[in-house]
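Trainee: Going by my numbering, the first residue of the sequence shown is number 95, and it counts up by one from there. Please find one structure pasted underneath; my questions will follow.
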Amino acid sequence: PKPNGDPTAMLMKSYACQRRTPLKHHNSFLTEALEILSQNAEYNDNEGRSVAFRRAASVLKALPRRVRSMQDLRCLPCLGDHSQRVIKEILEDGSSREVESTRQSEQYQAMKALTGIFGVGVRTADRWFREGLRSPDDLIRRGQQLNREQQAGVQYYDDLQKPVTKVEADVISDIVEKAVHAVLPGAEIQLMGGFRRGKEVGHDVDFLITHPEEGKEEGLMPKITNWLKEQGLLLYQKTTRNSYLEKMDGPARASSNMDRFERCFSIFKLQKSAVSCKSSSTASAEDVSTARESERPGEHHSEASGWRAVRVDLVVSPYSQFAFATLGWTGSKLFERELRRWAGQEKHMSLSSHALYDSKQNLYLRAKKEEEIFAYLGLEFIPPSERNA
Ligand code: GTP
Ligand code: MN
Ligand code: MN
């Protein structure tokens, strides 16, 4: 094996922010397995291990073709012994025993169900698991004390488990735009997160809002949420500053990209008629016969109703920080993490969703566009659709 003489060998850079990672790739049979081990490590408060598996998976996502043998992995970065063992077993036997037993384990399944509740992080889920709780139903049955956020999470659990489609995201974009322009004409709204990266479904819809006149954006969030409330479009909302710490009550906390933007975690009430209007395909008529007969108290089942609950994140940024906020809220989470690691370890800079600080020159670097931030960092510009690390 001589990588330079082999025309099929490619040079794989070791930071995810140095690579292009498309949404659709050739190795999901391996990456899904590695991501289960990553998720499980996160549930067990082992951040180092969790990131190692996630980095390994991400390298495979960037490969131009399907991995067929261990030979195909030579010269690739970020593949530790453990990841290689797992990959080898899957290539040889079709599956990995460790992955399958993790997938089947009571702890993994319970942690997945419990952290799947809006407002429940790894710490809370772990405490509940040790108290014998396994599912949202258990919380209801045992009358577990819940905060307001978690109550909403349990109440709309079924809806919030269902992926949000791009069409639903577009309908919500129109609503948010209407709300924002009603309270602050001239404001700009941008779809962020997975949908900006080209995903067809997501677990929520993320928006970044700003105004070209610096200062105009101050106090904007309560005006937006009040407008939405008056229209009966909000099932839940909580506006906070610097809320990343609370949500990330798991191992990612220490290195998380906390920010101090005004931010709203919300649950929208989305009318299904609005969605079937928007979708060009013949709207699948809701089959009323599939509606559940009985609703348990404290739960909403949307099959029977004309609307569904959708998680929406709103963030307001001053115009001068908009480029940094845009970069920070586009994701993926691993891509963001790798950008910050690259900035710190390779460039002696510190990147957040607000700013880029150069420790050598002792100054903040200004940017109007994402492209400028990549340039400061000495990185090739990676478009959002190729940040699916
Ligand atoms: P799905 O929603 O699951 O489809 O994927 P997603 O990539 O949109 O994930 P998510 O909505 O959780 O986050 C979107 C982006 O916002 C990611 O890059 C996160 O790292 C980032 N993000 C989420 N919360 C915060 C926060 O409080 N502060 C900052 N700076 N970034 C955040
Ligand atoms: Mn999202
Ligand atoms: Mn989000």
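Glycine included, C-beta positions come from ideal geometry on N, C-alpha and C.
Quick one: grab the DSSP three-state call for F362.
Mentor: On the sequence shown, residue 362 is found 268 positions in, with the first residue counted as 1. Of the three classes helix, strand and coil, the one that applies to F362 here is strand, per DSSP.
Trainee: Which of the three DSSP states is assigned to Q325 in this structure?
Mentor: By one-based count along the sequence shown, residue 325 stands at place 231. In the structure shown, Q325 sits in coil (DSSP, three-state: anything other than H, G, I, E or B).
Trainee: Could one say the Cβ of V409 lies closer than 8 Å to chain D's Cβ atoms, at least one of them?
Mentor: Here chain D cannot be found, since the structure has a single protein chain.
Trainee: Taking 8 Å as the limit between beta carbons, can you name the residues of its chain near M164, skipping five residues before and five after?
Mentor: Locating residue 164 in the sequence shown gives position 70, where the first residue counts as 1. Around M164: Q178, I181, K182 and L185.
Trainee: What is the DSSP secondary structure of A403, counted as helix, strand or coil?
Mentor: Indexing the sequence shown from 1 puts residue 403 at position 309. A403: strand per DSSP, three-state reduction.
Trainee: Assuming L278 and L314 are in contact, meaning their beta carbons sit under 8 Å apart, how far apart are those beta carbons, in whole angstroms?
Mentor: Locating residue 278 in the sequence shown gives position 184, where the first residue counts as 1. Locating residue 314 in the sequence shown gives position 220, where the first residue counts as 1. So it is a contact: roughly 6 Å between Cβ atoms.
Trainee: Entirely within the stretch 235-316 and at least 3 residues each: give me those beta strand (DSSP E) ranges in chain order.
Mentor: 282-286 and 299-304
Trainee: Could you spell out the range, first to last residue, of the beta strand (DSSP E) harbouring S190?
Mentor: The residue labelled residue 190 in the question sits at position 96 within the sequence shown. Here S190 belongs to no beta strand (DSSP E), and DSSP marks it neither H nor E.
Trainee: My output table needs one value for M104: the three-state DSSP class, helix, strand or coil.
Mentor: Looking up residue 104 in the sequence shown gives position 10. In the structure shown, M104 sits in coil (DSSP, three-state: anything other than H, G, I, E or B).
Trainee: Would C371 be called buried (16 or more neighbouring beta carbons within 10 Å of its own) or exposed?
Mentor: Here residue 371 is taken as the residue at index 277 of the sequence shown, counted from 1. Looking at its Cβ environment, which holds fewer than 16 other Cβ atoms inside 10 Å, C371 is exposed.
Trainee: Is the closest heavy atom of ligand 3 to the C-beta of D175 under 7 Å?
Mentor: Here residue 175 refers to the residue found at position 81 of the sequence shown. False, no ligand heavy atom lies under 7 Å from that Cβ.
Trainee: Under three-state DSSP, which class holds L170?
Mentor: The residue labelled residue 170 in the question sits at position 76 within the sequence shown. Coil.
Trainee: If you run the structure through DSSP and keep just helix, strand and coil, what is V382?
Mentor: Taking the sequence shown and counting its residues from 1, the one referred to as residue 382 is at position 288. Note that V382 scores 45 on pLDDT, short of 50, meaning its location in the model is unreliable; the coordinates nonetheless yield the value given after this. V382 sits in a helix when the DSSP states are folded into three classes.
Trainee: In whole angstroms, what separates the C-alpha of G210 from that of D452?
Mentor: Here residue 210 refers to the residue found at position 116 when the sequence shown is read from its first residue. Here residue 452 refers to the residue found at position 358 when the sequence shown is read from its first residue. If I take the Cα positions, the gap works out to 38 Å.
Trainee: Leaving out five residues on either side along the sequence, give the residues of the same chain with a beta carbon under 8 Å from the beta carbon of H305.
Mentor: In the sequence shown, counting from the first residue as 1, residue 305 sits at position 211. Closer than 8 Å at the Cβ level, and outside the excluded window around H305, lie L278, G280, A281, E282, E311, L314 and Y413.
Trainee: Do you know how far the Cα of E307 is from the Cα of E129?
Mentor: Here residue 129 is taken as the residue at index 35 of the sequence shown, counted from 1. Here residue 307 is taken as the residue at index 213 of the sequence shown, counted from 1. E129 and E307: Cα-Cα distance of roughly 43 Å.
Trainee: Would you mind giving the Cβ-Cβ distance between G288 and G425, rounded to the nearest angstrom? I have them listed as a contact below 8 Å.
Mentor: Here residue 288 refers to the residue found at position 194 of the sequence shown. Here residue 425 refers to the residue found at position 331 of the sequence shown. Contact flag correct, Cβ pair sits at about 7 Å.
Trainee: Pairs of beta-carbons, one from the stretch 109-129 and one from the stretch 151-171, closer than 8 Å: are there three or more?
Mentor: yes
Trainee: Let's test the definition: count the other Cβ atoms within 10 Å of the Cβ of A346 and tell me whether it reaches 16, buried, or not, exposed.
Mentor: For the purposes of this step, residue 346 is identified with residue 252 of the sequence shown, where counting begins at 1. Since pLDDT at A346 reaches only 38, below the 50 mark, its modelled position is unreliable, and the value read off the structure follows with that caveat. Burial check for A346: the Cβ neighbour count within 10 Å reaches 16 or more, so the residue is buried.
Trainee: Got a sec: does ligand 1 put a non-hydrogen atom nearer than 7 Å to the Cβ of E262?
Mentor: As a first step, residue 262 must be located in the sequence shown, where it is residue number 168. Placement of the Cβ of E262 at a distance of 7 Å or more from every heavy atom of ligand 1 is found.
Trainee: Whether or not the stretch 471-478 and the stretch 425-437 are in contact is what I'm after, with contact meaning three or more pairs of Cβ atoms, one per stretch, closer than 8 Å; do they touch?
Mentor: yes
Trainee: Comparing C-alpha positions only, which one of Q415, F416 and L208 sits nearest to D252?
Mentor: To locate residue 252, count along the sequence shown from 1; it is residue 158. Taking only the C-alpha atoms, the option nearest D252 is L208.
Trainee: For the putative contact between A246 and I318, defined by C-beta atoms under 8 Å, what is the C-beta separation to the nearest angstrom?
Mentor: The residue you call residue 246 lines up with position 152 of the sequence shown. The residue you call residue 318 lines up with position 224 of the sequence shown. Not really, about 19 Å apart at Cβ, beyond 8 Å.
Trainee: Suppose contacts are defined by Cβ-Cβ distances below 8 Å. Is D353 in contact with G422 by that definition?
Mentor: Counted from its first residue, the sequence shown places residue 353 at position 259. Counted from its first residue, the sequence shown places residue 422 at position 328. Result yes, Cβ atoms of D353 and G422 sit closer than 8 Å.
Trainee: DSSP puts M443 in a beta bridge; with which residues?
Mentor: As a first step, residue 443 must be located in the sequence shown, where it is residue number 349. D452, per the DSSP bridge assignment.
Trainee: Could you check the C-alpha separation between G438 and E356 for me, to the nearest Å?
Mentor: Here residue 438 refers to the residue found at position 344 of the sequence shown. Here residue 356 refers to the residue found at position 262 of the sequence shown. The straight-line gap from Cα to Cα measures roughly 26 Å.
Trainee: Shorter than 7 Å, the distance from the beta carbon of D300 to the closest heavy atom of ligand 5, or not?
Mentor: Judged by which ligands are present, ligand 5 is missing from the structure shown, whose ligands are ligand 1, ligand 2 and ligand 3.
Trainee: In chain order, what residues of the same chain have a beta carbon less than 7 Å from the beta carbon of L445, not counting five sequence neighbours either side?
Mentor: The residue you call residue 445 lines up with position 351 of the sequence shown. Excluding sequence neighbours, L445 sits near L433, R434 and A437.
Trainee: Where do the N-terminal and C-terminal ends of the beta strand (DSSP E) with Y413 fall, by residue?
Mentor: Within the sequence shown, residue 413 is the residue found at index 319, counting from 1. Following the DSSP letters along the chain, one finds Y413 in no beta strand (DSSP E), marked with neither H nor E.
Trainee: Using CA atoms only, rank isn't needed, just tell me which of Y330, L328 and L154 is closest to H120.
Mentor: Within the sequence shown, numbered from 1, the residue matching residue 120 stands at position 26. Ranking the options by Cα distance to H120, first place goes to L154.
Trainee: Among residues of its own chain, excluding the 5 on either side of V261, which ones have a beta-carbon nearer than 7 Å to its beta-carbon?
Mentor: For this step, residue 261 is matched to residue 167 along the sequence shown. Here the set comprises V369, K372 and S373.
Trainee: Below 7 Å, is the gap between the Cβ of D407 and the nearest heavy atom of ligand 1?
Mentor: As a working mapping, residue 407 is identified with position 313 in the sequence shown. Checking the Cβ of D407 against ligand 1 gives yes.
Trainee: Looking at the secondary structure, which residues open and close the beta strand (DSSP E) in which L459 lies?
Mentor: Position 365 of the sequence shown, counted from the start, is the residue given in the question as residue 459. It spans L457 to L459 - the beta strand (DSSP E) in which L459 sits, taken as one unbroken run.
Trainee: So what does Y330 bridge to, in DSSP terms?
Mentor: Here residue 330 corresponds to residue number 236 of the sequence shown, with the count starting at 1. In the DSSP output, where bridge partners are listed per residue, Y330 has I361.
Trainee: Within a Cβ cutoff of 8 Å, which residues of the same chain sit near R148, ignoring the five residues on either side of it in sequence?
Mentor: Counted from its first residue, the sequence shown places residue 148 at position 54. Cβ within range, chain order: L128, E129, S132 and L428.
Trainee: Which of the three DSSP states, helix, strand or coil, is assigned to E225?
Mentor: Looking up residue 225 in the sequence shown gives position 131. DSSP places E225 in coil when its eight states are reduced to three.
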